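Engineer: Please see the structure below; I have some questions.
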Amino acid sequence: MARITLDGIAHSYNPGSTSEADFALKRLDHVWEQGRAYALLGPSGCGKTTLLNIISGLVVPSSGRLLFDDRDVTHLPTEQRNIAQVFQFPVVYDTMTVAQNLAFPLKNRGVARGAIDARVAEIAAMLGLTPELHRRARSLTADAKQKISLGRGLVRSDVAAVLFDEPLTVIDPALKWELRSKLKAIHRALDLLMVYVTHDQVEALTFADEVVVMKDGRVLQIATPAELFEQPEHTFVGYFIGSPGMNLVEAQVDGHLARVADQTIELGRRYAAPAPGSSVRLGFRPDYASLVPAGGIPVRVRRIEDLGRRRLARVALGENDIFATIPHGVSIEREEAGLLIEQDRLFVYVDEQRVAGQAR
Amino acid sequence: MDKPLNNRAWLLVAPVLLFVLFSALLPMMTVVNYSVQDQMGENHFFWNGDAWFRDLLNPATEVGARFAGALVRNLAFSVTALLIEVPLGIAVALCLPRKGWTVGATLVVIALPMLIPWNVVGTIWQIFARQDIGLFGAALTGLGLHYNDTQDPVSAWCTIVIIDVWHWTPLVVLLSYAGLRAIPDAFYQAARIDGAGRWAVFINIELPKLHKVLVIAILLRFMQTFMIYTEPFVVTGGGPGNATTFLSIDLVKIALGQVDLGNAASMSLIYNLITITLSWIFFTIMTQLDRRREE
């Protein structure tokens, strides 16, 4: 049980390089608290696995320090770090039964026999492995094998952290939901610090207390799932999270007014004039933009998708493609319609970063 | 499953069948032919029934005693060679580097013995083992050991076993190395995280994953050691006495030395049958063990 401190951690796979582009993981300072669940979320190659391997000790960072509580573990080998890790593909010991597999990490550390049996029974029950406990691990399906891997990761109660590297990749989609909520429940029950790497936003948002969104080796935002949805700090966060993602349109911002394709949109806050040459975009989620037959910003309707619980419209504002929600009871008959955007959900991004502005 | 039946498929198999017919079946039929006939004078053959086989399988007869003796020596040799080569091969494979330029260099050096033809291996060792000018023989004699590969049965046996180990352990090494390389890194990482020691990693990860290549290695090595001929022929000539007279050596003596075609033919058929049967038993046991572990 521990708190993990990332103190200026950065990593380049080309030793000695100082060029920013060479860094698979750019400088990062953060503290992960005991008992919480974190998700590292981002597309392939964003540096999330590098970060995980730095914590587990498979990679030594080029610079910075890694602290477990107050102990500097930056250069300690994996086995001395007291962490558990679950890999993308199931790792089971073929020669052993399921129970022996689960007991293995405890046995290697000289835990008493009775304590091992009790803990193995507890973990097996949590993961639904109890009926299989005495079967050979190698005869089981990939799903069950990955459950064993998860179990081996969770079986030690004294670990500093449990790390998951895309652990649900091989799991059948129907089982994913079940296992994900099980993991969440286990996290609550076991009071461990867990770090979960994934490129699947649903997995990250359902599992984690806090999500670390990464892209190209850079951490873009560390926030709760709700904050990521309501207040994305970076255009990528807005676009990557949510389905469909945030609408982003080119605009000229002047004070509390923005001009988009010959239309003037009133903003909730007042913004300083951005530096010349920088890219300025307005961002708002489809959930907070509604389409009405008349009034609001005039747009052209391209397509309406009925998703059952909600209707989504794809509209054009000048050259910009925008997704908007059609409120219940409203019917859009003509090609021309009006767009209403909730003012306090409309953000201004200068060079991809959100700017706060001042109250009007 | 309903698969369409099409007899024209035989046409596609026919070339292979024809090839096997001429390469294996027809030559073997001449042996079968010799095994049931006796010869009088110049090319005058007459039917002899199963008499050659009864002689061969009866240890009371002269040929039967020779056959039984050679068979026991053959089995002892195969078992000895396997017991040394398989563990040694795995051990060497575990010590090989996993990456870098040293991989290629080590593999080439290790594979070198396999590239040398049998009789050249025999000749090399014939000289290597000499007590007067051979490095191996002279060194052992210099150390005060009683070593003489042409006069002392124990020395002769050890020499043949060492030659085979030197010549063919590389095969086990290469197969095991390939098997080890196929184990994903995650297994080793997981073992480190689980706090497993080196021995536990070997027993629980490496050995089970090597199972399939080891089946191949053991089968190949068994068949080859059971058919050993050239090394004893060149180095010891089957002696001293008949200490290193294995089945193939004796077979050649009977067929080409004594021109006892009936004895030789029946012996080669039984020899062939034993090799096939033992290989089949090996294979069945090992695959059955595999299946049982799965249940």
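Those protein sequences? They're chains Z and V, same order as listed.
Note that our numbering has the first sequence beginning at 8, numbered continuously upward.
Note that our numbering has the second sequence beginning at 4, numbered continuously upward.
Every residue, glycine too, gets a C-beta built ideally from N, C-alpha and C.
Since the structure is predicted, the reported quantities are computational estimates derived from the model, not experimental observations.
Taking a contact to mean a Cβ-Cβ separation below 8 Å, would you say Z:S19 touches Z:S69 in this structure?
Structural biologist: yes
Engineer: Tell whether a beta-carbon distance below 8 Å holds between Z:L47 and Z:L59.
Structural biologist: yes
Engineer: So Z:V98 contacts chain V; which residues on that side make the cut at Cβ distance below 7 Å?
Structural biologist: A189, F190 and A193
Engineer: Work out the CA separation of V:P211 and V:L97 for me, nearest whole Å.
Structural biologist: 14 Å
Engineer: If we count Cβ pairs, one from each stretch, closer than 8 Å, do we get three or more for the stretch 239-256 of chain Z versus the stretch 216-230 of chain Z?
Structural biologist: yes
Engineer: Going by DSSP, name the residue or residues bridged to Z:R159.
Structural biologist: Bridge partners of Z:R159: none, in fact.
Engineer: Against chain V, with Cβ distances strictly below 8 Å, would Z:R43 count as a contact?
Structural biologist: no
Engineer: Counting Cβ pairs closer than 8 Å, one from the stretch 313-321 of chain Z and one from the stretch 285-292 of chain Z, do we hit at least three?
Structural biologist: In short, these stretches do not touch, since the Cβ pair count stays below three.
Engineer: How many Å lie between V:G200 and Z:L235 at the Cα?
Structural biologist: 44 Å
Engineer: Using CA atoms only, rank isn't needed, just tell me which of V:G244, V:R295 and V:V175 is closest to V:A159.
Structural biologist: V:G244
Engineer: In chain V, what lies closer than 9 Å to Z:A168 by C-beta?
Structural biologist: Simply none; closest approach about 11 Å.
Engineer: Might you give, ordered along the chain, the residues of its own chain that have their beta carbon closer than 8 Å to the beta carbon of Z:G325, omitting 5 neighbours on each side?
Structural biologist: V267, A268, D269 and Q270
Engineer: Should V:G182 be flagged as near chain Z, meaning a C-beta pair shorter than 8 Å?
Structural biologist: no
Engineer: Within 7 Å: the Cβ of V:I221 and any heavy atom of the ligand PLP?
Structural biologist: Questions concerning the ligand PLP fall outside what the structure shown contains, since it holds no ligand whatsoever.
Engineer: Anyone know if the C-beta pair for Z:T57 and Z:D172 falls short of 8 Å?
Structural biologist: No. Outside cutoff.
Engineer: Using the DSSP secondary-structure output, state which residues sit across from Z:A320 in a beta bridge.
Structural biologist: Z:I311 and Z:A331
Engineer: Let's test the definition: count the other Cβ atoms within 10 Å of the Cβ of V:E45 and tell me whether it reaches 16, buried, or not, exposed.
Structural biologist: Classification of V:E45: exposed, given that the 10 Å Cβ count is below 16.
Engineer: What number of angstroms, rounded off, separates the C-alpha of Z:I304 from the C-alpha of Z:F330?
Structural biologist: Cα to Cα, Z:I304 sits roughly 14 Å from Z:F330.
Engineer: The beta strand (DSSP E) spanning Z:S19 covers which residue range?
Structural biologist: I11 to S19
Engineer: Quick one: using the 10 Å Cβ neighbour count with 16 as the cut-off for buried, is V:V157 buried or exposed?
Structural biologist: exposed
Engineer: Helix, strand or coil for V:M1 per DSSP?
Structural biologist: Chain V is shown only over 4 to 298; residue 1 of chain V falls outside these bounds and no answer can be derived.
Engineer: For V:M43, which beta-bridge partners are listed by DSSP?
Structural biologist: V:H47
Engineer: Taking Z:A168 as the reference, give the member of Z:A279, Z:A9, Z:L346 and Z:G364 with the closest Cα.
Structural biologist: Z:A9
Engineer: Are the Cβ atoms of Z:Y295 and Z:R352 separated by less than 8 Å?
Structural biologist: Yes, the pair counts as a contact, with Cβ atoms nearer than the cut-off.
Engineer: Closest to V:M230 by C-alpha separation, out of V:R184, V:P116 and V:L78, would be which residue?
Structural biologist: V:L78
Engineer: I'd like to know if V:I208 contacts chain Z, where contact means its C-beta is closer than 8 Å to some C-beta of that chain.
Structural biologist: yes
Engineer: Would you tell me roughly how many angstroms separate the C-alpha atoms of Z:L289 and Z:E257, rounded to the nearest one?
Structural biologist: 6 Å
Engineer: Apart from the five residues just before and just after Z:E210, which ones in its own chain have a Cβ nearer than 7 Å to its Cβ?
Structural biologist: Excluding positions up to five away in sequence, the list reads L175 and R187.
Engineer: Give me the chain V residues within the contact set of Z:N21, using Cβ-Cβ distance strictly less than 7 Å, ordered along the chain.
Structural biologist: Per Cβ cutoff of 7 Å: no residues; Z:N21 is ~18 Å from chain V at best.
Engineer: Could you name each continuous alpha helix (DSSP H) segment of 4 residues or more that falls completely within the stretch 205-229 of chain Z, going from the start of the chain to the end?
Structural biologist: 208-214
Engineer: When you compare the stretch 160-174 of chain V with the stretch 223-237 of chain V, are there three or more beta-carbon pairs, one atom per stretch, that lie closer than 8 Å?
Structural biologist: The stretch 160-174 of chain V, when compared against the stretch 223-237 of chain V, does touch it at the 8 Å Cβ threshold.
Engineer: Consider the Cβ of Z:I155: report whether some Cβ of chain V lies at a distance smaller than 8 Å.
Structural biologist: Not flagged as an interface residue toward chain V: Z:I155, since no C-beta distance is shorter than 8 Å.
Engineer: Buried or exposed, going by whether 16 or more other CB atoms sit within 10 Å of the CB of Z:A151?
Structural biologist: buried
Engineer: Just by C-beta distance, which residues in the stretch 210-244 of chain Z are closer than 7 Å to chain V?
Structural biologist: none
Engineer: Any beta carbon from chain Z within less than 8 Å of V:A185's own beta carbon?
Structural biologist: no
Engineer: Give, in chain order, every residue of the stretch 76-93 of chain Z whose Cβ lies closer than 8 Å to some Cβ of chain V.
Structural biologist: P84, T85, E86, I90, A91 and Q92
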